[in-house]
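Asker:
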Amino acid sequence: MRRVWPPGTFDRLSRAGAVMEAPRFDNSFARLPDQFFTRIDPVPVSDPQLIALNVSLVGQMGLDEDWLLSEAGLAMMAGNAMPSNAAPLAQVYAGHQFGGWSPQLGDGRAHLLGEVVGPDGLNWDIQLKGSGQTPYSRMGDGRAWLGPVLREYIISEAMHALGVPTTRALAAVSTGEPVLREQGYLPGAILTRVAPSHLRVGHFQYFAAEQDSDALGILLKYAIQKHYPDLDDDDAPGFLRAVMLAQADLVGRWMALGFIHGVMNTDNTHIGAITIDYGPCAFMDAYHPGKVFSSIDQFGRYAYGAQPQILVWNLAQLATALLPLMGSDRDKAISEAEAILEGYGAAYTDAWMRHMLPKIGITEPHEGDVELLQDLLNRMAENQADFTRTFRGLANGSTRDEFVDPTAFDAWASTWRGRVPDAPDLNRVNPAFIARNHRIEEAIQAALQADFAPFERLVEVLRHPYDDQPAHNDLQNAPLDQELVTQTFCGT
Ligand code: AMP
Ligand code: MG
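Take a look at the structure:
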């Protein structure tokens, strides 16, 4: 049975006497000129079922939980019927994928439905991911399967709880329709993803490549109003610097959690510096700077330790795209952009220190502190020490057990205790729980058997990653050899 509701029918429904209300969309992106997007409805699915609704986020966004749980809400989240003031569209952007230029990417399986403003004044895009083909689908089917949808739900919400800026997961639905992947036919699913915007470095690259300076200027103004409202809305150099600082901070946060994004292409690098496009990403278990999970990252371009350098490469692409907005003297613009990017090294080092040093109890760095931390990291790498457990264990003295050779830790620890005799509450900065790969995999496998309990437990525990949760100690454990997930895959 195909449920296709006439648009607008369900804007206001009365259930058990209560008035329910559809999201009140105000669509600033849809008011941009035509060349920014293609208006297109999601492709309906045959049998949508709600898998998960993020109730606390629903509240924060000021949405009506009852409406979202109604048939009309489900129809929206499945892409089957839109509230009347939604303005579904697919955005166009370009990007460098693994260093290779693609002049046109865009939302190939996502639809921006519209934007809402929460009671706290925060702005949210509501987007479906896995909602059918668009003019930007290229060879893709426009769909997602259950695995990557649950993965993104778990990891993006975990990142939020860990204090990392990120797109959020509002809901997940299954579609009732199989999708064909390398592994065979798999159940289709759609994620409702929300974020302050979905603007990427690739948006700027697209209009720069099109040599459409007018559109580029409009995009800059829009991006500044959304993400850097303190800047003048035509201040391209100020914008470049602001994105650089914010992105350096973001990657510094990733590094401090052992997070590997896995596809740091320019189209996956967010202008507002939030983590976006969770594909083959992973939190590493045993620490190694060269760690790679993504099956398609053969040369380790996006390895853990490579992320800071890749970021500045991506920022250089943004700078190049912004040149037409930096004055008519191109040489002068190039010098100015270069001068800004030269600040990256210091900005990143600051960010890294800001997020890493507190993990060993240092909030006011002295000379030698970076070396002290680096020494620990080197010993961790040599001893296959679990990243998260090593730092978490510092507060209760259990860290040495994480090392193949515990005396390698002991030697470091005596120096550390000399430098940091009374560590502050390290459990506030070193999480107990991260979204471990083998647990995500376990949750997906159970979900494929219609058992969503492991998924729900993981999501719930990861909402409080810094708290001890004795009943869930098993989720803190590093994988056993037979549980180890060594490769992750793109959602495609
Ligand atoms: P990613 O690097 O995974 O964020 O995706 C790169 C590009 O491929 C984006 O333009 C996506 O919209 C597009 N894409 C990924 N998967 C699919 C799919 N199944 N169908 C259509 N387009 C897709
Ligand atoms: Mg992407």
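Residue 1129 is where the sequence shown starts when you use the working numbering, and the numbers rise one by one after that.
Glycine included, C-beta positions come from ideal geometry on N, C-alpha and C.
Every value quoted in this text rests on a predicted model; they were computed, and no experiment measured them.
How would the residue list near ligand 2 read, in chain order, if you kept each one whose beta-carbon is closer than 6 Å to any heavy atom?
Answerer: Per the Cβ criterion, the list is 1395, 1396, 1405.
Asker: What does a CB cutoff of less than 8 Å around residue 1428 pick up in its chain, not counting 5 residues either side in sequence?
Answerer: Correct list, in chain order: 1418, 1420, 1434.
Asker: Over what stretch of residues does the beta strand (DSSP E) that includes residue 1308 continue unbroken?
Answerer: From DSSP, the beta strand (DSSP E) with residue 1308 extends over 1296-1309.
Asker: Could you tell me which of 1468, 1545, 1404 sits nearest to residue 1321, measuring between CA atoms?
Answerer: With distances taken between Cα atoms, residue 1321 lies closest to 1404.
Asker: For ligand 1, any of its heavy atoms closer than 7 Å to the Cβ of residue 1409?
Answerer: No, the beta carbon of residue 1409 sits no closer than 7 Å to any heavy atom of ligand 1.
Asker: How would you call residue 1267, buried or exposed, if buried means at least 16 neighbouring beta carbons within 10 angstroms?
Answerer: Exposed, since its Cβ has fewer than 16 Cβ neighbours within 10 Å.
Asker: Along the chain, where does the beta strand (DSSP E) that runs through residue 1607 open and close?
Answerer: Segment: none, residue 1607 is in no beta strand (DSSP E) and carries neither H nor E.
Asker: Counting Cβ pairs closer than 8 Å, one from the segment 1371-1378 and one from the segment 1433-1450, do we hit at least three?
Answerer: In short, these stretches touch, since the Cβ pair count reaches three.
Asker: Let me know if residue 1362 comes out buried or exposed under the rule of 16 or more other beta-carbons within 10 Å of its beta-carbon.
Answerer: When all chains shown are included, residue 1362 counts as exposed.
Asker: For the segment 1504-1550, list the beta strand (DSSP E) runs that are entirely contained and at least 3 residues long, ordered along the chain.
Answerer: Correct list: empty.
Asker: By the 10 Å Cβ neighbour count, where 16 or more other Cβ atoms means buried, how is residue 1257 classified, buried or exposed?
Answerer: Counting Cβ neighbours within 10 Å, residue 1257 comes out buried, since at least 16 surround it.
Asker: Hey, out of 1573, 1466, 1393, whose CA is closest to residue 1222's CA?
Answerer: Nearest of 1573, 1466, 1393 to residue 1222, Cα basis: 1393.
Asker: For the putative contact between residue 1453 and residue 1366, defined by C-beta atoms under 8 Å, what is the C-beta separation to the nearest angstrom?
Answerer: The Cβ separation is near 11 Å, so there is no contact.
Asker: Secondary structure at residue 1427, three-state DSSP: helix, strand or coil?
Answerer: The answer is coil: DSSP assigns residue 1427 none of H, G, I, E or B.
Asker: So, using beta-carbon positions, are residue 1483 and residue 1412 closer together than 8 Å?
Answerer: Taking 8 Å as the Cβ cut-off, residue 1483 and residue 1412 do not qualify as a contacting pair.
Asker: Assign residue 1452 to one of three DSSP states: helix, strand, or coil.
Answerer: Correct three-state label for residue 1452: helix.
Asker: DSSP three-state call for residue 1334: helix, strand or coil?
Answerer: In the structure shown, residue 1334 sits in a helix (DSSP, three-state: H, G or I).
Asker: Given this structure, state the Cα-to-Cα distance separating residue 1431 from residue 1388, to the nearest angstrom.
Answerer: About 7 Å.
Asker: To the nearest angstrom, report how far apart residue 1563 and residue 1463 are at their CA atoms.
Answerer: Going by the C-alpha atoms only, they are around 43 Å apart.
Asker: Considering only their Cβ atoms, is the gap separating residue 1511 from residue 1532 smaller than 8 Å?
Answerer: In this structure, residue 1511 lies closer than 8 Å to residue 1532 by Cβ.
Asker: Does the distance from the CB of residue 1445 to the CB of residue 1288 come in under 8 Å?
Answerer: Not in contact: residue 1445 and residue 1288 (Cβ atoms no closer than 8 Å).
Asker: Taking the alpha helix (DSSP H) that residue 1494 belongs to, which residues open and close that run?
Answerer: Counting along the chain, residue 1494 falls outside any alpha helix (DSSP H), and DSSP gives it neither H nor E.
Asker: Per DSSP, what kind of secondary structure is residue 1313 in: helix, strand or coil?
Answerer: In the structure shown, residue 1313 sits in a strand (DSSP, three-state: E or B).
Asker: Just verifying my parser: in three-state terms, what is the DSSP assignment at residue 1616?
Answerer: Residue 1616 falls in the strand class under three-state DSSP.
Asker: Any chance the CB of residue 1432 is under 7 Å from a heavy atom of ligand 1?
Answerer: Not so, every heavy atom of ligand 1 lies at least 7 Å from the Cβ.
Asker: Tell me the residue span of the beta strand (DSSP E) that contains residue 1254.
Answerer: Start and end: 1251-1257.
Asker: Using 8 Å as the threshold, is the C-beta distance between residue 1170 and residue 1259 below it?
Answerer: Cβ distance < 8 Å, so residue 1170 and residue 1259 count as in contact.
Asker: Kindly confirm or deny that the segment 1262-1280 and the segment 1230-1237 touch, where touching means at least three C-beta pairs closer than 8 Å.
Answerer: As far as the Cβ criterion goes, the segment 1262-1280 touches the segment 1230-1237, which means the pair count is three or higher.
Asker: If we cut at 8 Å on Cβ distances, does residue 1589 have a partner in chain B?
Answerer: Among the chains of the structure shown, chain B does not appear; only one protein chain is present.
Asker: Where does residue 1545 land, buried or exposed, given buried means 16+ other C-beta within 10 angstroms?
Answerer: Under this definition residue 1545 is an exposed residue.
Asker: Residues in its own chain within less than 8 Å of residue 1168 by CB, not counting five upstream and five downstream?
Answerer: So the qualifying residues of the chain are 1216, 1217, 1218, 1239, 1262, 1263.
Asker: How many Å lie between residue 1343 and residue 1600 at the Cα?
Answerer: Near 51 Å, if we compare the C-alpha coordinates of residue 1600 and residue 1343.
Asker: With a threshold of 16 other CB atoms inside 10 Å of the CB of residue 1524, please say whether the residue is buried or exposed.
Answerer: Exposed, since its Cβ has fewer than 16 Cβ neighbours within 10 Å.
Asker: In chain order, what residues of the same chain lie with their CB nearer than 7 Å to the CB of residue 1530, ignoring the 5 residues before and after it?
Answerer: Counting only Cβ-Cβ distances below 7 Å, and skipping sequence neighbours, we find 1513, 1514, 1517, 1518, 1521.
Asker: Who are the near neighbours of residue 1557 in its chain, counting only those whose CB is closer than 7 Å to its CB and skipping five residues on each side?
Answerer: For residue 1557, where only same-chain residues beyond five positions count, the Cβ hits under 7 Å are 1486, 1487.
Asker: So is the beta-carbon of residue 1173 under 7 Å away from any non-hydrogen atom of ligand 1?
Answerer: Not under cutoff, so the answer is no.
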